[in-house]
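The opening position of the sequence shown corresponds to residue 1134 in the numbering used here, with each subsequent residue numbered one higher. Input: a single structure, listed below in structure tokens.
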Amino acid sequence: MVPDSRAKARPDHVRPLNAPIAISVTADRHRPLSIVVNRHSHQVERIQDTWIIEDEWWRQPIARQYFALLLDDGTRRTVYHDRVADAWFLQDY
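Laid out in structure tokens, this is it:
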């Protein structure tokens, strides 16, 4: 139960859901071969899908290449390469 349903929302208590997590990636020509998440290394068995998001109407330009991966332990993960910052992130949904 919410203590007071008429209370005003407090923006200082807002936190993002599913925020991207910075990860280490070994890549060949910007295609991930292995990823390290929470100090655990996983080989990429297969890239199941890839897509690009590029936009300039945000406050800052966005250029990301996403990869839907099947890892060696059977898990599926979505990662992206931020081409503006040249950094890799895990984006779970």
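C-beta: ideal position from N, C-alpha, C; glycine also.
What residue does the beta strand (DSSP E) around residue i start on, and which one ends it?
i, result
"threonine 1208", "Neither: threonine 1208 is in no beta strand (DSSP E) and is coded neither H nor E."
"histidine 1175", "1173-1188"
"alanine 1218", "Segment: none, alanine 1218 is in no beta strand (DSSP E) and carries neither H nor E."
If the criterion is Cβ atoms closer than 9 Å, does the pair residue i and residue j meet it?
i, j, result
"threonine 1208", "tyrosine 1226", "no"
"isoleucine 1168", "leucine 1204", "yes"
"leucine 1202", "glutamine 1181", "yes"
"glutamine 1198", "tyrosine 1213", "yes"
"tryptophan 1165", "phenylalanine 1200", "This sequence places proline at residue 1165; tryptophan is not what is there. Yes; because the gap between Cβ atoms is below 9 Å, this pair is in contact."
"histidine 1175", "aspartate 1206", "yes"
"valine 1170", "isoleucine 1156", "yes"
Please return the same chain residues whose Cβ sits closer than 6 Å to the Cβ of residue i, not counting the five positions on each side in sequence.
i, result
"arginine 1216", "Ala1196"
"valine 1158", "Pro1165, Ile1168, Trp1221"
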